[in-house]
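Heads up: the sequence lines are chains A and B, in that order.
Take the first sequence: its letter number 182 is residue 182 in our numbering, and every next letter is one higher.
Take the second sequence: its letter number 1 is residue 423 in our numbering, and every next letter is one higher.
For reference, the structure discussed in these notes is given below.
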Amino acid sequence: MTITEKILAAHCGKASVKPGDLINAKIDLVLGNDITAPPAIKEFARIGVDRVFDKDKVALVPDHFTPNKDIKSAEQVKMMREFARKYQITNFFEMGCVGIEHALLPELGLALPGDLIIGADSHTCTYGALGAFSTGVGSTDMAAAMATGEVWLKVPEAIKFIYKGKLNKWVEGKDLILYTIGSVGVDGARYMSMEFTGDAIKHLSMDQRFTMTNMAIEAGGKNGIIEPDDTTVKYVKDVMKRNNIKRNYTLYKSDADAKYSKIIEYNVGDIEPQVAFPHLPSNTKPVSKAGNIKLDQVVIGSCTNGRIEDMRIAAKILKGRVKHKDLRVIILPATQAVVKQMIKEGIMDIFIDAQCAVSTPTCGPCLGGHMGVLAEGEKALSTTNRNFVGRMGHPKSEVYLSGVAVAAASAVLGRIGSPEEL
Amino acid sequence: MILGKAHKFGNNIDTDAIIPARYLNTHDPAELAKHVMEDADPRFVDKMKVNDIIVGGENFGCGSSREHAPVAIKAAGISAVIAKSFARIFYRNAINIGLPILESKEAVDGIKEGDEVEIDLEKGGIRNVTTKINYTATPFPRFMEELIEAGGLIEYVRRKIHGKNI
C-alpha cells in the first residue's frame, strides 16, 4: 500500500484498502474558518446532537477576514465564538492567538504524522508534509464530522512524483510545486493522492515541504503527502515539546510494491524559479522568460509562504534595499510566533526599512478579502496559491504567483524578475 | 423531471468565479445567489431563469472548498449542473447540499448555449430537446445514491444517529 492507503486503512479499522473503496474513516481533527465554519455550525444544529464528538479535536480558526473587516464578518466570528463556548471547544483561536490555519495548527502540534485530518478549507492538504492524510471538504462535511468524528472518503489513486538532483540557486519548494502543477495541469491529479518523493524532497526543510503539499489542491489533488523522515521527526519532537503534547503519532511509509497509477520524474536541476501567469496556477513559465511585467503590488506570505523561513528568504533579499517606488509591498506572516521570531531576528526592521507594510496574521488579500485588494487593471505578484480571475480584488486585476525570492526581488525591481538581477 | 435552458461555460470554472470571496462575509443563500457566476459572466444573474441549467467543461468547481458555490447556484434557482468533470470538493459539496450534478462529456459537447435540456435525475438521462439527442450521465456509486435519496449528508447522518423514523 501507499502511505495514503495505510493511513486511510488504519482509520477505518481495515487491514488494507485499495483505490475506489468507499470508507467511513475516523478523524483526528476537523477544522473550519470564519467563512466555512458558520454554515457548518448551522448544519450541525440540524443534526440534533448535544455535543461535538471530541472537544479537543475540533479547530475553529477565524483567519480569513481577521481582524474582522466589516459587520457581517464580525457576526460570522461571533457565531464561531459562541459555538466554541457552548461546546467547550479547546481550539478556538481568538484575535491575538489566531494565525493562518495551515501554518498555525502544525506549529501547535495539532497535526501529527499518521493523522487523518479534514478541514473546511481546500488547503487543508498542507498537513501531508508531516506524513498525515489531510484533505479539504465543505461545511456540511465539517458539520457531520463534528457530530460523528467520522467522514466518508473514496480511497484515491496515487501519483508518485520523484524529484531528482540538487536545487538550483533561489529555487524553493514553491517553485517545485508550481513547476509540477504547470506540468500536470490544474486537474492533472483530480481526485488523486500526490506523493512527493526523491532526493530533492529529502533535502527540503519542513517549511518548504508545507509549501508543496499546500498546493496539491491546485492540481486537483485529494491530498499531497511526503513520507516522514528525520527532518519530520525533529520538527514534530520540537513542536510537541514546546506545546507539551503527549499524544502518540505514527510514521507510515509506502511499501516498495505500492501501486501508483502514474510515476512522474523531474530532474530539479532543470527547474529555475517559476512564475504562474494569470489566470491559472498551471500557467507557469521560468522567471527568465517572464518578460517585462510591471507590478502594482507584491504580496509575500499566506498559508503557502508565510512561515519563518519564507520571511528569512525575503529579508535576505530586501536587506539594505527599498522597494520600487511604483509599487506597494504587503507582507503577511502566517502566525504570531512567526511575527515574534521576525522581531527577534531583526527581520521586521529590514521590512520596515524596505518600506513594506507588515500585517497581522490574516488571509487578507490572498482571496480578495481585505487588507490590500487590487483595483481594476492592477497587477500583483504574490506568493499565495491562486491567481484565478478576481482572486485578489477587481475581476479585471491580474495575479501572478511565485516563490518568495522572486517576489522579494520583484518588489525591488518594480517588475517580475529574479534575485540574480539585483 | 427537470426542464431548462442551458448556459454554457468553459473548462476549470473555479469557485472564485462561481461566488467571489468578496461576498463571503455572509452565508445567506439568498445573498449569495445575487452574485452567482459573477466573475465568469457578470450578466449571468440577469440572463438566467429559474430551472435553467449550467453546462460546464472539465474540472467544474475547482479551487476553494467553499460550499457557498453550490449553495449560490442552487439558491439562484439553477436546477442542475452538467459538466465533463467536477473538481473533487465541489462534487462532494453538491451532493451533500442536494444540488443535482451530472457528468457527461458527450452531453456537454452536444449542448449549445440556449438549448432546451431535459434531465431525468433518477435515470441519469439528459435530453437535448432542441436537437432531440439523448445522453446518459455517469452513474453515481451506490453510497452516493443513498446520500442523495436521504436528501443530503445532514439528513443521512441524522437518520444514522437517531434511527430512521425521525
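Just so it is clear, CB atoms sit at the ideal spot from N, CA and C, and this is done for glycine as well.
Put simply, the region 188-205 of chain A does not touch the region 100-118 of chain A. Fewer than three CB pairs are less than 8 Å apart.
Closer than 8 Å at the C-beta level to chain A, one finds these residues of the region 506-538 of chain B: Ser507, Ala509, Arg510, Ile511, Arg514, Asn515, Asn518, Ile519.
Here A:Ala132 carries a coil assignment [DSSP, helix/strand/coil]. Residues are counted here when their Cβ sits less than 9 Å from a Cβ of chain A; for the region 568-586 of chain B these are Leu569, Gly574, Leu575, Ile576, Glu577, Tyr578, Val579, Arg580, Lys582, Ile583, His584, given in chain order. At a C-beta separation below 7 Å, B:Arg444 has these neighbours in chain A: Gly368. Under the 8 Å criterion on CB atoms, B:His457 is classed as non-interfacial with respect to chain A. In its chain, beyond the 5 residues on either side, Asp175, Leu178, Tyr179, Thr284 have a beta carbon closer than 6 Å to the beta carbon of A:Gln274. Residue contact with chain A for B:Asp474: absent (no Cβ-Cβ distance below 8 Å to any residue of chain A).
Ranked by how close their Cα comes to the Cα of A:Met146, the residues A:Asp207, A:Gly131, A:Tyr87, A:Ser402 have A:Tyr87 in first place. A distance of 8 Å or more separates the beta carbons of A:Leu374 and A:Ala407. Here DSSP, grouped into helix, strand and coil, assigns A:Gln88 to coil. Using a Cβ distance threshold of 8 Å, A:Arg307 and A:Asp207 count as a contacting pair. Contact between the region 50-58 of chain A and the region 13-25 of chain A is not established, with fewer than three Cβ pairs separated by less than 8 Å. Here the region 435-447 of chain B makes no contact with the region 464-474 of chain B; the two share fewer than three CB pairs at distances below 8 Å. What B:Phe562 touches in chain A, judged by beta-carbon distance under 8 Å, is nothing: the nearest beta carbon there is about 11 Å away.
At a cut-off of 8 Å between C-beta atoms, A:Ala84 does not count as an interface residue with respect to chain B. Burial check for A:His279: the Cβ neighbour count within 10 Å reaches 16 or more, so the residue is buried. Nearest in C-alpha terms to B:His490, of all of B:Ala455, B:Val467, B:Pro563, is B:Ala455.
Judged by beta-carbon spacing, B:Thr553 lies beyond the 8 Å limit of B:Asp531, meaning their Cβ atoms are not closer than that value. Proximity of chain A to B:Arg488 at the Cβ level (cut-off 7 Å) is accounted for by Ile35, Thr36, in chain order. Rounded to whole angstroms, the separation of the alpha carbons of A:His370 and A:Asp63 is 12 Å. One Cα belongs to A:Ala103, the other to A:Arg51, and the distance between them is close to 28 Å. Sequence-distant Cβ neighbours of A:Asp28 in its own chain, meaning closer than 7 Å and more than five residues away, are Lys57, Asp115, Leu116, Ile117. Contact with chain A is found for B:Gly485, since one of that chain's Cβ atoms lies less than 8 Å from the residue's Cβ.
By the CB criterion at 8 Å, A:Gly372 and A:Ile330 fall inside the cutoff. The C-alpha of B:Ile504 lies about 19 Å from the C-alpha of B:Asp461. Note that the region 350-365 of chain A touches the region 305-322 of chain A; at least 3 beta-carbon pairs, one per stretch, sit closer than 8 Å. For A:Gly224, the CB contacts under 7 Å within the same chain, skipping 5 residues up- and downstream, are Cys125, Gly128, Met194, Phe196, Met212, Thr213, Ala216 in chain order.
Each residue's CA atom was taken as its position, placing A:Glu43 and A:Ile35 some 14 Å apart.
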